[in-house]
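Heads up, the sequence shown is in full-length UniProt numbering, so the first residue is 1 and it goes up one at a time. We put the beta carbon where it would ideally sit given N, CA and C, even for glycine. As the structure is a computational prediction, the values presented were derived from the model and not from experiment.
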Amino acid sequence: MIEIPSDLHKDLVPLAFLLGNWAGAGVHDFPGSQKCNFGQEVTFGHDGRDFLEYHSHTWVLDNDGNKVRPLESESGFWRIDADRKVEVTMTRDDGTIEIWYGEMADKKPQIDLVTDAVARTAAARPYTGGKRLYGYVKSDLMWVGEKQTPEVELRPYMSAHLKKVVTPEEVERWAKALPDDMPDDGIAFFK
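This is the structure:
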């Protein structure tokens, strides 16, 4: 369910599908790195201004789905203009800073992004740019990332399938919003 908070900046309504806490798993595969499954937690929040705040943490999973070690972390800010053009500023834990531009798909919650600028500290791994696709599919957030380095042409390297994390407070708020004339047995509601 996509919920639009009353205090969300009006310009951000097209991005409302991203809001919340998300968790799930995916696959990481890029030359020079060990192929692995990873877990991910993502948060998109807002404070009433004209941007979304973004945080992502990933970690390597073993064959049983247990956390082994951190993989990547990134944070940033997402904006959208009246023409549905999206801009993202992002900082990664390895010393990479990126500016991404893209746009919302027409009539569906999907965003295509491509890097416009990349800056790296001396400690950062080689990286020259990337692409990302985010989509809201059947109440889940899915994404795929592509990257390139001086040695490797642009190619997919990470993808994940994330589910919305629902807090007890959200469940309580939704329950309070139910109509007073709900059937007591719960079964009659579905008849």
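Which listed residue (54, 80 and 130) has its alpha carbon closest to that of residue 153: The residue you call residue 153 lines up with position 153 of the sequence shown. By alpha-carbon distance to residue 153, the top candidate from 54, 80 and 130 is 130.
Burial state of residue 98, where buried means 16 or more other Cβ atoms lie within 10 Å: Translated into positions along the sequence shown, residue 98 becomes position 98. Residue 98 comes out buried.
Write down every uninterrupted run of the alpha helix (DSSP H) in the UniProt domain "THAP4-like heme-binding" (11-164) whose length is 4 residues or greater and which is fully enclosed by it, in chain order. Entirely contained in the UniProt domain "THAP4-like heme-binding" (11-164), not one alpha helix (DSSP H) run reaches 4 residues.
Cβ pair residue 55, residue 8 closer than 9 Å: Locating residue 55 in the sequence shown gives position 55, counting from the first residue. Locating residue 8 in the sequence shown gives position 8, counting from the first residue. Their beta carbons are not under 9 Å apart, which means residue 55 does not touch residue 8 by this criterion.
Please name the residue, chosen from 25, 79 and 43, that lies closest to residue 63 on a Cα-to-Cα basis. Here residue 63 refers to the residue found at position 63 of the sequence shown. Nearest option by C-alpha distance: 25.
Residue 87 versus 147, 77, 94 and 95, residue with shortest Cα-Cα distance: Numbered from 1 along the sequence shown, position 87 holds the residue referred to as residue 87. The candidate whose alpha carbon is nearest that of residue 87 is 77.
From residue 94 to residue 138, what does the alpha carbon distance come to, in whole angstroms? Within the sequence shown, the letter at position 94 stands for residue 94. Within the sequence shown, the letter at position 138 stands for residue 138. Straight-line Cα distance between these residues: approximately 33 Å.
From the DSSP output, in three-state form, read off residue 5 for me. In the sequence shown, residue 5 corresponds to position 5, counting from 1. It is coil, neither helix nor strand.
For residue 37, which option in 23, 61 and 51 has the closest C-alpha, if you only look at C-alpha atoms? Along the sequence shown, read from residue 1 onward, the residue named residue 37 stands at position 37. The option with the nearest alpha carbon to residue 37 is 61.
Could you tell me the distance, in whole angstroms, from the CA atom of residue 68 to the CA atom of residue 39? The sequence position of residue 68 within the sequence shown is 68, counting from 1. The sequence position of residue 39 within the sequence shown is 39, counting from 1. Using only the alpha carbons, I get a separation of about 10 Å.
Among the residues of its own chain, which have a CB less than 7 Å from the CB of residue 2, if the five just before and after it don't count? For the purposes of this step, residue 2 is taken as residue 2 along the sequence shown, with counting starting at 1. 16 and 17.
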